[in-house]
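Right, one structure below, let's go through it.
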RNA sequence: GCCCCCAUCGUCUAGAGGCCUAGGACGGCGGCCUUUCAAGCCGUAAACAUGGAUUCGAAUUCCAUUGGGGGCACCA
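Residue numbers (the numbering used here): 56 to 546.
Structure below.
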């Protein structure tokens, strides 16, 4: 019988998680849900210096926004807590001391200065090879002297100098390392905090983690982990390393690649379902054609075997397209609700708040297939809200028309429209098409002038619908304004 | 310098020896629809890094080379 799957997302609280970090969490979560296992959130806060205020909140917020709920973690607890490594220091210390007692580790009293000098020298010789093991065989007397001098030691692992360490990665396959390419790495710092290698091994074992899913960059530290597992007599987990997301320069994604935090995408108006779908598709595919998938479909069909091993670029063009697909799939009600806070935030400040929900609902069908992010709506639809339009005289006069004709058209339109009773889409069309005939111009020409007059734009949703939503009063006012603008311009 | 990983259209990918004159998607280009802009639909250009080897047959296997990425911290 196989044990139930337990996977963990183990971020260190150093900032807002970017899409690469979060994709790892997604694979964890999807795999857990797919197998009916548990998804655990563990905070690796063992580096006091790098810890950032608000990072924990940002991590949880990111996960929640994407719908990645955790079964055990800092806030919800669980049988294997605590879930902050800073609260598990005794465990790491005990493990380290045990390894020292067993002869698999030793105390090292080398000063940071000495290590720094050593590294410098190795770099100069182009022979980086790690710690020189000078404390590996200190005599009891030597050690006592160092202790007496008040030096707080670190604990280093006694890496075998021969043999090899290998493992089978579920994505990358078999990987072999020569032990003599590894050094005696630090497990426990002098401040009593563990280093990642020790802490993650101790915790993964204590928390009964079955699969370690993390990015490819960790492959090179697996042998260290394996060595610790072996010394401690623990069974190692299955390893699942996945490729990273890269920036435009093909280097691993990081802060310097711009706005890549997941929460930034939320704030620009990408939908969580878009991000979920899109991010899984970087590095995983269902088949040779399926791209738009619900969370349920992904969970149901997910498999590690179908994950790739090549680093991938985060293509925002495709993301925009996909977000558009999801936006168009929303009901008017739903999209209106989602749009409201974005309109509120990004529409010009002089527009009266609160915005009229029912008015927004009328606008939504007109802009739905014209926006790719929720934020786009404000810039696209502001003419529905602003009070005074700034007409561009050159736009008012269509290329195929002179100012005189445009003016005449606007005046006739104003006169005709003012007598309309319903001012709905059909009535507008039934009135304006014949009007173009009467004026002796093409329908398109008339529509063009009216479009600019009523919206100050040359690209808008369909004219009749737009005018109907704007309403008779507002349209007539704007047409009048356009007429006087043209008059002034002519003089 | 040493170690590890990777390599199909511009991008994300399908492809696990013959189904590949390499499929899909985004983006590009052309067209249709059309009152503008979109959306939608149709079409089109575009890739197996290179060299060997194995095989009747290789994008698929093996070995080099080249290129890219990562690691070699009292960071994770």
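For glycine and all other residues, C-beta sits at the position ideal for the given N, C-alpha and C. Since the structure is predicted, the reported quantities are computational estimates derived from the model, not experimental observations.
- Comparing alpha-carbon positions, the option among 201, 109, 162 and 462 lying closest to residue 541 turns out to be 462.
- Non-local C-beta neighbours of residue 380 in its own chain, meaning closer than 7 Å and more than five positions away in sequence, comprise 347, ordered along the chain.
- Rounded to the nearest angstrom, the gap between the Cα atoms of residue 482 and residue 426 is 28 Å.
- Residue 215 and residue 235 have their C-alpha atoms roughly 7 Å apart.
- Approximately 17 Å separates the beta-carbon atoms of residue 326 and residue 315; this is outside 8 Å, ruling out the contact.
- Taking every protein chain shown into account, the CB of residue 117 has 16 or more other CB atoms within 10 angstroms, so this residue is buried.
- In this structure, the CA atom of residue 77 is about 31 Å from the CA atom of residue 402.
- Less than 8 Å divides the Cβ of residue 421 from the Cβ of residue 520.
- Beta-bridge annotation (DSSP): residue 88 is not paired with any residue.
- For a cut-off of 8 Å, the C-beta gap from residue 153 to residue 186 is around 21 Å, too long to register as a contact.
- CA-CA distance, residue 276 to residue 378, rounds to 37 Å.
- Around the beta carbon of residue 507, 16 or more other beta carbons lie within 10 angstroms, which makes this residue buried.
- Three or more Cβ pairs closer than 8 Å define a contact, and the stretch 107–123 meets that threshold against the stretch 81–98.
- For residue 110, the uninterrupted alpha helix (DSSP H) segment begins and ends at 110–121.
- With a threshold of 16 other beta carbon atoms within 10 Å, residue 320 meets it and is buried.
- If you compare the alpha carbons of 362, 372 and 438 with that of residue 398, the shortest gap goes to 438.
- Bounds of any alpha helix (DSSP H) do not take in residue 217, whose DSSP letter is neither H nor E.
- Straight across, the Cα-Cα distance linking residue 159 with residue 238 is about 13 Å.
- Here the alpha carbon of residue 170 sits roughly 12 Å from the alpha carbon of residue 190.
- With respect to residue 374, residue 333 sits close: the two C-beta atoms are nearer than 8 Å.
- By the criterion of a C-beta distance shorter than 8 Å, residue 292 is surrounded in its chain by 259, 264, 265, 266 and 267, once the five residues flanking it on both sides are discounted.
- Per DSSP, reduced to three states, the secondary structure at residue 435 is helical.
- Straight-line measurement puts the Cα of residue 502 at about 30 Å from the Cα of residue 404.
- In this chain, residue 229 is not harboured by any alpha helix (DSSP H); it is covered by the beta strand (DSSP E) spanning 228–233.
- Shown here for residue 221: same chain residues with a beta carbon closer than 6 Å to its own, the five before and five after excluded, namely 231 in chain order.
- Between residue 382 and residue 423, the beta carbon gap of about 7 Å places them in contact (Cβ cut-off 8 Å).
- Collapsing the DSSP output to three states places residue 530 in a helix.
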